[in-house]
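Colleague:
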Amino acid sequence: MITAKIAPTKLTPKFYELAAKNAAGDEMQFDQFKGKTVLIVNTATRCGLAPQFKQLEKLYHDYQAQGLVVLGFPCNQFMSQEPESNETMETSCLLKYGVTFQLMSKTKVNGPNAHPVFKYLKSELSELFGSRIKWNFTKFLITNDGSPFRRYGPYTNPIALEKDIKKLLARKTKI
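Residue numbers for the sequence shown follow my numbering, beginning at 37 and rising by one.
#1: With distances taken from CA atoms, which of 98, 125 and 53 is nearest residue 111?
#2: Please specify which runs of the alpha helix (DSSP H), each continuous and at least 4 residues long, are wholly inside the segment 185-209, giving them in chain order.
#3: Using C-beta distances below 7 Å, list every residue in its chain close to residue 113, excluding the 5 sequence neighbours before and after it, in chain order.
#4: I'd like to know if the segment 77-90 and the segment 49-60 are in contact, where contact means that at least 3 CB-CB pairs between them fall below 8 Å.
#5: Quick one: what's got a C-beta closer than 6 Å to residue 90's C-beta in the same chain, skipping five residues either side?
#6: Check this for me: beta carbons of residue 197 and residue 103, under 9 Å apart or not?
#7: Taking only the alpha-carbon atoms, compute the straight-line gap between residue 140 and residue 194 and give it to the nearest angstrom.
#8: Exposed or buried, residue 180, counting other C-beta atoms within 10 Å across all chains shown (16 or more means buried)?
#9: Select from 148, 120, 189 and 169 the residue whose C-alpha is nearest the C-alpha of residue 88.
#10: How is the alpha helix (DSSP H) around residue 122 delimited, first residue to last?
#11: By how many angstroms is the C-alpha of residue 136 removed from the C-alpha of residue 158?
#12: Give the DSSP-derived three-state secondary structure of residue 93 in the structure shown.
#13: Assuming contact is defined by CB atoms lying nearer than 9 Å, are residue 75 and residue 169 in contact in what I supplied?
#14: Check this for me: beta carbons of residue 187 and residue 162, under 9 Å apart or not?
#15: Label residue 65 either buried or exposed according to how many other C-beta atoms from any shown protein chain fall within 10 Å of its C-beta, with 16 as the threshold for buried.
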């Protein structure tokens, strides 16, 4: 029996093939986050969980220099709790919560028009009762080599992610 040896190849994780528009409408390629730990959150300024913006900002402020990127994706799919435009949402988040991390354009996270970022993350990190995002402030943590690491529910306070973030920031990049 003849067997062929296949040389190992370094595959780029699908995460780095994705892109999304920021609040200004400029396309951001996710390959720019290679070597970074990324926290993706679907947000809403009028949600009862909106005070989480302050904790997300604290995490970003405390760990940005070590390689943490926070991307907030505003979503209006849950009881219309993100009625702001991209421009006013950014200003509102800065004034009300001190947000300096990157906010993206308003995005759908569920349904046939869900953004590819959320389609990918939900397929990789589905929950016990399915992959559908149940509410605002669902969080996804991505390793510094582009692998989806963990999904956290809306009621998980961002500060509770700090242990996982520190662990991922300490890892050596495999890219």
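Each residue gets a CB set at the ideal place from its N, CA and C atoms; glycine is no exception.
None of the values given here were measured: they were computed from a predicted structure.
Modeller: Here's the rundown:
#1: Looking at the Cα atoms, 125 is the closest of the given residues.
#2: Counting only runs of 4+ residues, the alpha helix (DSSP H) found wholly inside the segment 185-209 occupies 198-206, in chain order.
#3: Result list for residue 113: 144, 145 and 146, in chain order.
#4: With the cut-off at 8 Å, the segment 77-90 and the segment 49-60 do not touch.
#5: For residue 90, where only same-chain residues beyond five positions count, the Cβ hits under 6 Å are 133.
#6: Against a cut-off of 9 Å, the Cβ pair of residue 103 and residue 197 comes out as no contact.
#7: Between residue 140 and residue 194, the C-alpha separation is close to 18 Å.
#8: Counting every other CB atom within 10 Å of its CB across the protein chains shown gives residue 180 a total of 16 or more, marking it as buried.
#9: The candidate whose alpha carbon is nearest that of residue 88 is 189.
#10: In this chain, the alpha helix (DSSP H) harbouring residue 122 covers 122-133.
#11: A straight-line Cα-Cα distance of about 26 Å links residue 158 and residue 136.
#12: Helix at residue 93.
#13: No.
#14: Pairing residue 187 with residue 162 gives a Cβ-Cβ distance under 9 Å.
#15: That one is exposed.
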